[in-house]
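Here the structure is laid out as structure tokens; the discussion comes afterwards.
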Amino acid sequence: MPISILPDQPQNTTSPQQSGNPFKEVRSRVEENLKGVKKVIAVHSGKGGVGKSTFAVNLAAALTKLGFAVGLVDADVDCPSCHKMLGNSGRVFADERQRLQPVGAHSIKFLSVGNMVESEDNANIMRGPIMFKLVSEMLYKADWGNIDYLIVDLPPGTGDNPLTVMQIAPLAGLIIVTQPQEVALVDARKSADMAKRMGVKVIGVVENMSGEVFGEGGAEKIANKLGTKFLGAITLSKTIRECSDRGMPAVLIEKPLFEAHIKIIRAAEI
Ligand SMILES: Nc1ncnc2c1ncn2[C@@H]1O[C@H](COP(=O)(O)OP(=O)(O)OP(=O)(O)O)[C@@H](O)[C@H]1O
Ligand SMILES: [Mg+2]
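Residue numbers for the sequence shown, in the numbering used here: 1265 to 1534.
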């Protein structure tokens, strides 16, 4: 008989809508703190390295360029990258009321554990409870002020951090980023299933690194299968990679890339 490693209803995965959410109190604190934020949008995929952070940063920058006030939370607390992609590794400070003050770059307010450590080269070794503390404090203890969008860049997988964010943040929805090839699509489907089970709306699927190397059209296919929207494709681009490495969102310097992101924003109707 085949074994099943997961119980039918894993513990502590109740969606915010279900009664008995063990994180109800933290969620109320987050909701209270994010009163000035019009929409909180998460970026996720089960698979690592598909370009979630790159997309989150460029989405934030494109929205800023459109005139919106935007914040970004890097919820990848052990291997953060948004501070690098935004080109500001300066330290985060708390004010006299112990509220975290987001740092800024390219008119985006953001918080990343990359801005809270002594050295980039040290591993951030931690278990679930510390991850929970870091992620939740970036949401309920930080001064986000009045902004139009708060983008939350999630780490890969369906474990602790995505689960925490889906439980405690009042998400308007979640955007799935995937490469077009089957190996990535398997995990994109897991992301959609997790969102569904957590009562989080899937806004749609973005195909990243589209083109000759990874293929084309895979994201549209799974979006159709999942009954969600295909939002658009971003090509595998040397400019994107170079820009990420030097802390500059590519949409701010290359028009076709900005236009590709605008198309996605329009399709997402966010
Ligand atoms: N469209 C693209 N064209 C070229 N390079 C890209 C593109 N999107 C992302 N990259 C590069 O691919 C690498 C992985 O991207 P990124 O860190 O955004 O992925 P991720 O899904 O957030 O990874 P993780 O799962 O580790 O959080 C980075 O070096 C980034 O610069
Ligand atoms: Mg990432």
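C-beta: ideal position from N, C-alpha, C; glycine also.
Inter-residue CB distance, residue i and residue j (contact presumed, cutoff 8 Å)
i, j, result
"Ala1324", "Gly1351", "With a Cβ gap of about 13 Å, Ala1324 and Gly1351 do not count as contacting."
"Lys1311", "Thr1428", "Actually they are not in contact, since the Cβ atoms of Lys1311 and Thr1428 sit about 19 Å apart, beyond 8 Å."
"Gly1496", "Lys1527", "5 Å"
"Ile1411", "Gly1300", "7 Å"
"Asn1388", "Asp1342", "5 Å"
"Lys1303", "Ala1436", "4 Å"
"Glu1518", "Thr1499", "Not really, about 11 Å apart at Cβ, beyond 8 Å."
"Val1314", "Ala1487", "Incorrect: roughly 15 Å between the Cβ atoms, too far for contact."
"Ile1529", "Ile1305", "No, Ile1529 and Ile1305 are not in contact; Cβ-Cβ is about 10 Å, not under 8 Å."
Residue i: CB within 7 Å of a non-hydrogen atom of ligand 1
i, result
"Asn1472", "yes"
"Leu1500", "yes"
"Arg1505", "yes"
"Lys1288", "no"
"Gly1481", "no"
"Lys1316", "yes"
"Phe1508", "Note that residue 1508 is Ser in the sequence shown here, rather than Phe. Within the cutoff, so yes."
"Gly1511", "no"
"Gly1423", "no"
Rounded straight-line distance, which links the Cα of residue j to that of residue i
i, j, result
"Val1381", "Leu1375", "12 Å"
"Leu1490", "Ser1501", "27 Å"
"Phe1478", "Leu1438", "23 Å"
"Asp1417", "Ala1532", "17 Å"
"Leu1516", "Asp1424", "33 Å"
"His1308", "Ala1459", "10 Å"
"His1525", "Ser1474", "14 Å"
"Gly1511", "Ser1353", "10 Å"
"Val1470", "Asn1322", "13 Å"
"Lys1454", "Gly1421", "8 Å"
"Val1464", "Lys1493", "15 Å"
"Arg1361", "Tyr1404", "13 Å"
"Gly1409", "Lys1329", "19 Å"
Residue i: CB within 7 Å of a non-hydrogen atom of ligand 2
i, result
"Pro1419", "yes"
"Asp1342", "no"
"Ser1353", "no"
"Lys1348", "no"
"Ser1309", "no"
"Lys1465", "no"
"Ser1376", "no"
"Ser1345", "yes"
Collapsed DSSP secondary structure at residue i in the structure displayed
i, result
"Met1390", "coil"
"Asp1338", "strand"
"Met1430", "helix"
"Asp1385", "coil"
"Val1399", "helix"
"Phe1287", "coil"
"His1308", "strand"
"Leu1490", "helix"
"Met1380", "coil"
"Phe1332", "coil"
Buried/exposed call for residue i, threshold 16 Cβ in 10 Å
i, result
"Val1450", "exposed"
"Pro1286", "exposed"
"Phe1357", "exposed"
"Asp1340", "buried"
"Asp1338", "buried"
"Pro1366", "buried"
"Gly1468", "buried"
Closer than 7 Å: residue i CB and nearest ligand 4 heavy atom
i, result
"Ser1383", "With respect to small molecules bound, the structure shown includes ligand 1 and ligand 2 and not ligand 4."
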